[in-house]
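Only one structure is covered here, and it is reproduced in the block below.
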Amino acid sequence: MSVAGYLEDVLQKIKEHPLVKRLYVRNMQVSLKRGYVRVVALLADDSELHVFEYVDSDLSRLSYAYHYQTPSGALIFRYDNEPHYPSLPSFPHHKHVAGEEAPSPS
Numbered sequence: 002m003s004v005a006g007y008l009e010d011v012l013q014k015i016k017e018h019p020l021v022k023r024l025y026v027r028n029m030q031v032s033l034k035r036g037y038v039r040v041v042a043l044l045a046d047d048s049e050l051h052v053f054e055y056v057d058s059d060l061s062r063l064s065y066a067y068h069y070q071t072p073s074g075a076l077i078f079r080y081d082n083e084p085h086y087p088s089l090p091s092f093p094h095h096k097h098v099a100g101e102e103a104p105s106p107s
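Quick note on our numbering: the sequence shown kicks off at 2 and runs consecutively.
As structure tokens, then:
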């Protein structure tokens, strides 16, 4: 599958999910070797899922963030691979959860 095909597939799967009311594509750029997409999915209860993926030609995720928040914008959870917690066993992958001070392995 091409980079463009993969990102289009991601968009389609989010758009078709029964909890998604609306999908906003904030940014999408694709080349033969890399691509990224940034979208916001408005869900049935007005909460939001923010999705960011940056992929290579072999479709490995170079960078990602999946951020879920309440209708008022408060964090519920976020998964990402920013390399700022090297002591975690799942480094760089980790999860932030509302009400928890430190991230946890993902």
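No residue lacks a Cβ here, since even glycine has one placed at the ideal position from N, Cα and C.
Item	Value
Length of the line joining the Cα atoms of I15 and E9	10 angstroms
Integer-rounded CB distance, given that Y67 should sit under 8 angstroms from S48	That pair is no contact at about 13 angstroms.
Residue(s) in a DSSP beta bridge with D57	R35
Touch test, the segment 37-44 against the segment 89-100, Cβ-Cβ under 8 angstroms, three pairs minimum	no
Straight-line gap, F53 to Y80 (C-alpha atoms, nearest Å)	10 angstroms
Cβ distance (whole Å) where L76 is taken to contact A99 below 8 angstroms	5 angstroms
Close-in-space but distant-in-sequence residues of the same chain around Y25 (CB under 6 angstroms, 5 per side omitted)	V41
For D81, the residue or residues it bridges with in DSSP	A66 and H95
Beta carbon of R35 nearer than 8 angstroms to that of S58	yes
Minimum C-alpha distance to Q30 - residue among V11, Q13 and A5	A5
Residue span of the alpha helix (DSSP H) that contains G74, given as start and end	Per DSSP, G74 belongs to no alpha helix (DSSP H) and is neither H nor E.
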